[in-house]
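For the record, in the sequence shown the residue sitting at position 361 is 578 according to the working numbering, with numbers rising by one throughout.
Single-structure report; data block below.
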Amino acid sequence: MDKFKVFVPRVQGVDYQVIQHKEKLFIRYKDKKNLNGKIYEAPLTGFQDKSTWKEFVPHDNNVRIGSIDVLKDNLVLELRKNGLTNIKAISLRDGSAKEISFPEPVYSAYLAGNPEYDAVTVRYGYTSLNRPTTTYEYHIVKGESIKLKEQEIPSGFNPDDYTVERLWAKASDGTEIPMAIVYKKGLRKNGKNPVLLTAYGSYGSSFDVDFSISAYSLIDRGFIYAIAQVRGGSDMGEQWYEEGKLLKKKNTFTDFIACAEKLIADKYTAADKLAALGGSAGGLLVGAIANMRPDLFQTIVAEVPFVDAVTSMLDSSIPLVTLDYEEFGNPNEEEAYTYMLSYSPYDNVKAQNYPNILVTGGFNDSQVLFHEPAKWVAKLRANKTDNNVVLLHMNMESGHGGATGRYDSIKDTAFEWAFILDRLGSPGP
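See the structure below:
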């Protein structure tokens with residue numbers, strides 16, 4: 218058996234993936250100058266000499282290269298452009314290209330692969346806020362998609378009963394922030410509709426829209442469900458991530474605030490009908506905006522929230538802390554410490570009015586230790602100047618992912634929805 222060989226030596230700031238074709242190698246390559254990635258082709262032998270590499274797909278500041286599927290006659294790419302996923306097939310015979318078209322203004326699509334090297338088809342998944350997850354097979358030569366399987370909704374579901382929109386909110390620095398919303402047809406933009414706005418915005422994790430059965434429990438009661446694709450994720454490309462981390466982390470929070478203001482300005486809702494939800498690093502987000510703009514939100518749900526940022530990041534014995542230095546900064550360095558301290562939710566609690574807040578935690582959580590949400594709730598209760606509710610729901614058996622088991626997880630979601638409905642009320646049935 219041949220020994221493993223290093224493809225190319227490790228270099229700081231360089232990320233690459235090698236995919237083998239029968240006749241050559243394809244290399245998805247990313248560095249600081251090519252944040253969205255590019256693709257090279259290289260020979261099967263002698264590839265250690267980078268002069269043998271030939272650029273196959275150039276870098277594009279507006280298009281991020283995701284996953285790759287290599288077939289005999291085609292290279293199939295999952296791309297991210299303008300905050301949406303594109304699937305593109307490039308012929309290895311003549312260089313011609315075809316893209317799959319999708320019906321909704323905002324959606325999620327992803328390559329589902331094809332293990333047959335000689336195939337002229339590729340499978341992909343598709344979903345949107347009003348379309349259950351569906352698997353298709355795309356015939357590259359014919360340019361046609363065939364539905365193979367659709368997520369079953371036992372109670373029945375008609376996507377035409379709902380409206381999906383894509384909105385753009387202008388952030389404080391002028392950047393346009395995408396937001397996806399869904400609501401039941403017939404809704405009036407009178408500033409009186411309850412809204413649940415959610416986001417994540419960390420680790421370069423894109424918050425792609427998908428079909429959420431649980432969200433329809435609110436939507437069918439007259440709610441608007443909204444997803445803000447704030448900086449800190451990679452929704453608009455790798456630079457979107459760079460603009461929402463380290464010493465630019467506050468962009469994540471001000472982007473979310475801009476999205477809330479957009480919903481109010483366009484008469485979808487009002488501040489007394491607006492709820493925000495975020496979990497883990499998304500809990501950091503909603504914890505920060507609770508301090509920054511409590512007047513914008515009537516209710517906040519923070520799931521296993523990373524709210525005691527500075528203290529936790531100073532304890533290197535906690536799992537993942539040193540890895541998070543590349544995300545939030547190293548608080549042992551003065552500049553990073555001062556910046557983190559300026560937005561850390563726990564450290565910025567003060568005497569002011571706060572929204573209604575539900576905080577959840579897990580006693581066995583190894584990523585956000587249970588004392589973080591507990592001490593945050595205690596400080597909020599000691600300092601807030603209003604009569605709103607601040608609840609702590611600590612699961613004594615769960616970890617960072619919440620309750621284990623399908624039914625217990627559903628019960629947790631039901632508890633959160635009940636809190637939101639109790640605070641905001643429901644105009645529907």
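We put the beta carbon where it would ideally sit given N, CA and C, even for glycine.
Return the bridge partner residues of residue i from the DSSP annotation.
i: alanine 314; result: Ile307
i: arginine 245; result: Gln234, Ile256
i: serine 345; result: Arg348
i: histidine 588; result: Paired residue(s): none; histidine 588 is not in a bridge.
i: methionine 396; result: Leu384, Ala445
i: tyrosine 379; result: Lys401
i: glycine 330; result: Arg340
i: lysine 364; result: Tyr353
i: isoleucine 627; result: DSSP lists no partner for isoleucine 627.
i: glutamate 520; result: Gly496, Thr577
i: leucine 609; result: Val576
i: leucine 491; result: Val412
i: serine 325; result: Thr344
i: asparagine 407; result: Answer is none; asparagine 407 lacks a bridge partner.
i: glycine 504; result: Looking at the DSSP assignment, glycine 504 forms no beta bridge with any residue, so it has no partner.
DSSP three-state label for residue i, please.
i: serine 615; result: coil
i: phenylalanine 273; result: strand
i: lysine 298; result: strand
i: glutamate 647; result: Here the chain covers residues 218 to 646 and nothing more, so residue 647 does not appear.
i: isoleucine 357; result: coil
i: glutamate 369; result: coil
i: serine 422; result: coil
i: lysine 601; result: coil
i: glutamate 478; result: helix
i: asparagine 468; result: helix
i: isoleucine 285; result: strand
i: valine 293; result: strand
i: glycine 391; result: coil
i: threonine 415; result: strand
i: asparagine 279; result: coil
i: serine 533; result: coil
i: valine 594; result: helix
i: asparagine 565; result: helix
Measuring CA to CA, which of the options is closest to residue i?
i: glutamine 584; options: Gln515, Gly403, Gln446, Glu520; result: Glu520
i: tyrosine 420; options: Leu414, Ile282, Gly461, Gln237; result: Gly461
i: phenylalanine 224; options: Tyr542, Asn251, Pro260; result: Pro260
i: aspartate 603; options: Thr630, Gln569, Lys592; result: Gln569
i: glycine 546; options: Glu459, Gly622, Asn573, Ala599; result: Glu459
i: methionine 611; options: Ser533, Asn600, Val399, Val576; result: Val576
i: phenylalanine 473; options: Pro371, Ile637, Thr392; result: Thr392
i: glycine 454; options: Lys247, Leu413, Ile236, Val524; result: Lys247
i: glycine 500; options: Lys479, Met530, Ile574; result: Ile574
i: glutamate 222; options: Arg245, Tyr257, Thr262; result: The sequence given here has lysine at residue 222, not glutamate. Ranking the options by Cα distance to lysine 222, first place goes to Thr262.
i: proline 498; options: Ala526, Cys476, Ile394; result: Proline is not the amino acid found at residue 498; the sequence shown has alanine there. Measuring from the Cα of alanine 498, the nearest candidate turns out to be Ala526.
i: isoleucine 370; options: Thr380, Lys601, Ala397, Ser431; result: Ser431
i: lysine 592; options: Pro522, Glu544, Asn549, Gly622; result: Pro522
i: valine 274; options: Phe243, Lys250, Asn299, Gln265; result: Phe243
i: glycine 504; options: Ala445, Gly449, Pro590, Leu464; result: Pro590
i: leucine 480; options: Ile506, Gly450, Asn407; result: Asn407
i: alanine 620; options: Gly579, Ala599, Leu641; result: Gly579
i: arginine 383; options: Leu309, Val337, Phe428, Gly300; result: Gly300
i: asparagine 600; options: Asn565, Ala397, Ala336; result: Asn565
i: tyrosine 341; options: Ser372, Leu296, Phe374, Ala314; result: Leu296
i: lysine 433; options: Trp634, Trp457, Asp541; result: Residue identity check: residue 433 is tyrosine in the sequence provided, not lysine. Measuring from the Cα of tyrosine 433, the nearest candidate turns out to be Trp634.
i: lysine 366; options: Lys359, Thr630, Pro376, Tyr353; result: Tyr353
i: valine 337; options: Pro322, Val323, His356; result: His356
i: serine 372; options: Ala595, Ala386, Pro349; result: Pro349
i: glutamate 333; options: Gln368, Lys289, Lys271; result: Lys289
i: aspartate 232; options: Val524, Ala477, Arg245, Gly439; result: Arg245
Could you round the C-beta distance between residue i and residue j to whole angstroms and report it? I think they count as a contact, below 8 Å.
i: tyrosine 560; j: phenylalanine 470; result: 7 Å
i: valine 293; j: valine 228; result: Incorrect: roughly 28 Å between the Cβ atoms, too far for contact.
i: threonine 486; j: isoleucine 441; result: 7 Å
i: isoleucine 317; j: serine 362; result: 7 Å
i: leucine 597; j: valine 606; result: At roughly 11 Å, the Cβ-Cβ gap does not stay under 8 Å, so leucine 597 and valine 606 are not in contact.
i: leucine 572; j: alanine 507; result: Here residue 572 turns out to be proline, not leucine, going by the sequence shown. That belief holds up - the Cβ atoms of proline 572 and alanine 507 are roughly 6 Å apart, short of 8 Å.
i: aspartate 452; j: serine 423; result: 5 Å
i: asparagine 331; j: leucine 309; result: Their Cβ separation, rounded to whole angstroms, is 15 Å, which puts asparagine 331 and leucine 309 out of contact at 8 Å.
i: aspartate 541; j: methionine 530; result: 6 Å
i: leucine 413; j: alanine 388; result: The pair is not a contact, with the Cβ atoms about 21 Å apart (cut-off 8 Å).
i: tyrosine 400; j: glycine 450; result: Between glycine 450 and tyrosine 400 the Cβ distance is about 23 Å, and since that is not below 8 Å, they are no contact.
i: isoleucine 398; j: alanine 475; result: About 15 Å; that fails the 8 Å criterion.
i: lysine 249; j: glycine 230; result: 5 Å
i: valine 374; j: tyrosine 343; result: Correcting the residue identity first, residue 374 is phenylalanine in this sequence and not valine. With 8 Å as the limit, phenylalanine 374 and tyrosine 343 do not qualify as a contact, their Cβ atoms being about 15 Å apart.
i: proline 376; j: asparagine 347; result: 4 Å
Give a single yes or no on whether residue i has its beta carbon closer than 7 Å to a heavy atom of the ligand ATP.
i: phenylalanine 470; result: With respect to the ligand ATP, the structure offers nothing, as it holds no ligand at all.
I'd like to know if residue i contacts chain C, where contact means its C-beta is closer than 8 Å to some C-beta of that chain.
i: glutamate 551; result: Here there is only one protein chain, and chain C is not present.
Stretch-stretch touch, CB-based, cutoff 8 Å, three pairs: the stretch 611-621 with the stretch 577-592: yes
Stretch pair the stretch 514-529 + the stretch 489-497: three plus CB contacts closer than 8 Å: yes
Sufficient close CB pairs (3 or more, under 8 Å) joining the stretch 505-515 to the stretch 532-545: no
Cβ contact (3+ pairs, closer than 8 Å) linking the stretch 276-289 and the stretch 317-331: yes
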